[in-house]
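Inspection log for the structure reproduced underneath, given as structure tokens.
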Amino acid sequence: MKFLIGTLLWLMAVSYPQAQNILGLPGEVTQGGLYVGKVAPDSEVWFEGRKLRLSPEGHFVVGMNWKQGAMAKFKLIDAAGQVRHQRLGVKKQKYDVSHIDGLPPKMVTPPKKLLAKIAQDSARVRKARKTDSDRQEFRGDFIWPVRGRISGNFGNHRILNGTPKSPHGGMDIAAPKGTKIVAPLGGRVTMVSDLYYTGNTLILDHGLGVNTVFAHMDSVTVKTGQVIKQGDQIGTVGATGRATGPHLHWGLNWYNERLNPALVLDHGNE
Ligand SMILES: [Zn+2]
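Right under this line is the structure:
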């Protein structure tokens, strides 16, 4: 009987997801999504074996892997040590596979003499993304860094000249060279660098591991360490690095987890 009631309660929870739960998260999350929850500041929140950082008011951030399984498992430990479990259903995303052929071979398999530079580039990017500050801008609503046609979706797998590459880690927004790029949220500049693949690249920290990446920029108008407000200009659209035409590659991350920027944007007047 106990088992039956438990099952019924579980079924009800699945059929009627609550708008809010003990974590202040939505009843269902999406692969590649970024979420901000809120709990009592003196509690602990764990997501799949990882303790999450809490802001002084009890806010926390969690990012879903692009291939997150059907359930996201959380644990809340309150100040008295009481443990509560919360499972959220995960909505699957569809990703396209595209083949691009006829690229110059050196852009698909980089020449040996560039391997050290490429390794150095990714180490710099990883370090900037690891920034774990208590900035609070992550709580705001994102605005588009530049308006334009979406020319590449997050999660697309690209097969270049027959070689499978890692999935597209951001969204591409096509815009003419020189178009102004603005900060989608306020934050602090943690990296400005000219990288082999992504050209002029900028990373902004928005707090609690939330960071955004801007690539292929023609110009960067801010410096590392600078604190900027939402809507401030950070540079212009270009085609530097490995790009076939001018566009902004915009990435959203939770620490080193790549997330889908399209999910945090208002698509009202795209
Ligand atoms: Zn891109």
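If you're matching positions, the sequence shown starts at 5 in my numbering and goes up one per residue. Here a beta-carbon is modelled for each residue, glycine too, at the ideal position from N, C-alpha and C.
>> What would DSSP say about K95, mapped onto helix, strand or coil?
In response: Position 91 of the sequence shown, counting from 1, holds the residue named residue 95. In this structure, K95 counts as strand in the three-state DSSP scheme.
>> Please list the terminal residues of the continuous beta strand (DSSP E) segment that includes L206.
In response: Position 202 of the sequence shown, counting from 1, holds the residue named residue 206. Looking at the DSSP string, the run of the beta strand (DSSP E) that includes L206 is G203 to G211.
> How close, in whole Å, do the beta carbons of Y259 and R139 come, if the pair is a contact with beta carbons under 8 Å?
Replying inline: Here residue 259 refers to the residue found at position 255 of the sequence shown. Here residue 139 refers to the residue found at position 135 of the sequence shown. Rounded, the Cβ-Cβ distance is 14 Å, inconsistent with contact.
> Hey, would you say T216 sits closer than 8 Å to G255, going by beta carbons?
Replying inline: Start at 1 with the first residue of the sequence shown, and residue 216 comes out as number 212. Start at 1 with the first residue of the sequence shown, and residue 255 comes out as number 251. A contact, by the Cβ cut-off of 8 Å.
> Would you call the segment 186-193 and the segment 232-240 in contact, with 3 or more CB pairs under 8 Å?
Replying inline: yes
> What number of angstroms, rounded off, separates the C-alpha of E52 from the C-alpha of G182?
Replying inline: For this step, residue 52 is matched to residue 48 along the sequence shown. For this step, residue 182 is matched to residue 178 along the sequence shown. For E52 and G182, the distance between alpha carbons rounds to 43 Å.
>> With a threshold of 8 Å on Cβ separation, who are the neighbours of S102 within its own chain once the five nearest residues in sequence on each side are excluded?
In response: Position 98 of the sequence shown, counted from the first residue, corresponds to residue 102. Closer than 8 Å at Cβ, skipping near neighbours: N160, H161, R162 and I163.
>> Just verifying my parser: in three-state terms, what is the DSSP assignment at P250?
In response: Residue numbering aside, residue 250 sits at position 246 when the sequence shown is read from its first letter. Correct three-state label for P250: coil.
> Roughly how many whole angstroms lie between the Cα atoms of E61 and P45?
Replying inline: Position 57 of the sequence shown, counting from 1, holds the residue named residue 61. Position 41 of the sequence shown, counting from 1, holds the residue named residue 45. Roughly 6 Å separates the two Cα atoms.
> In the segment 52-138, which residue ranges form an unbroken beta strand (DSSP E) of at least 3 residues, counting only runs that do not cross its ends?
Replying inline: 63-67, 75-81, 87-95 and 101-104
> Can you tell which of R262, Y39 and V49 has the C-alpha that lies nearest to the C-alpha of Q86?
Replying inline: For the purposes of this step, residue 86 is taken as residue 82 along the sequence shown, with counting starting at 1. Nearest option by C-alpha distance: V49.
> Buried or exposed: where does P180 fall if 16 or more other Cβ atoms within 10 Å of its Cβ makes it buried?
Replying inline: Taking the sequence shown and counting its residues from 1, the one referred to as residue 180 is at position 176. P180 comes out exposed.
> What number of angstroms, rounded off, separates the C-alpha of G242 from the C-alpha of K79?
Replying inline: Taking the first residue of the sequence shown as 1, we reach residue 242 at position 238. Taking the first residue of the sequence shown as 1, we reach residue 79 at position 75. Rounded to whole angstroms, G242 to K79 spans 44 Å at the Cα level.
>> Taking only three categories from DSSP, how would you classify T142?
In response: Counting from 1 along the sequence shown, the entry for residue 142 is found at position 138. The question names Thr, but residue 142 in the sequence shown is Phe. Of the three classes helix, strand and coil, the one that applies to F142 here is helix, per DSSP.
> Less than 8 Å separating the beta-carbons of G239 and I185?
Replying inline: Residue 239 sits at position 235 when you count from the first residue of the sequence shown. Residue 185 sits at position 181 when you count from the first residue of the sequence shown. The answer is yes: Cβ separation under 8 Å.
> Going by the C-beta, is H210 closer than 7 Å to any heavy atom of ligand 1?
Replying inline: Against the sequence shown, residue 210 aligns to sequence position 206. Outside the cutoff, so no.
> Helix, strand or coil: which one does DSSP assign to V214?
Replying inline: In the sequence shown, counting from the first residue as 1, residue 214 sits at position 210. In the structure shown, V214 sits in a strand (DSSP, three-state: E or B).
> Where does P265 fall in DSSP's three states?
Replying inline: Here residue 265 is taken as the residue at index 261 of the sequence shown, counted from 1. P265: helix per DSSP, three-state reduction.
> Residues with a Cβ closer than 6 Å to any heavy atom of ligand 1, in chain order?
Replying inline: G156, H172, G174, D176 and H253
> How would you call A76, buried or exposed, if buried means at least 16 neighbouring beta carbons within 10 angstroms?
Replying inline: Walking along the sequence shown from the start, residue 76 turns up at place 72. Per the 10 Å Cβ criterion, buried.
>> In whole angstroms, give me the CA-to-CA distance for D209 and T194.
In response: By one-based count along the sequence shown, residue 209 stands at place 205. By one-based count along the sequence shown, residue 194 stands at place 190. So the two alpha carbons sit approximately 6 Å from each other.
> Where does Y259 sit, in a helix, a strand or coil, going by DSSP?
Replying inline: Walking along the sequence shown from the start, residue 259 turns up at place 255. Reduced to three states, the DSSP call for Y259 is coil.
>> Output needed for L92: all residues of its chain with C-beta closer than 6 Å, excluding positions within five of it in sequence on either side, in chain order.
In response: Reading the sequence shown from its first residue, position 88 is the one you call residue 92. Answer for L92: V33 and A76, listed in chain order.
> Where do the N-terminal and C-terminal ends of the beta strand (DSSP E) with T34 fall, by residue?
Replying inline: In the sequence shown, counting from the first residue as 1, residue 34 sits at position 30. Note, T34: beta strand (DSSP E), E32 to T34.
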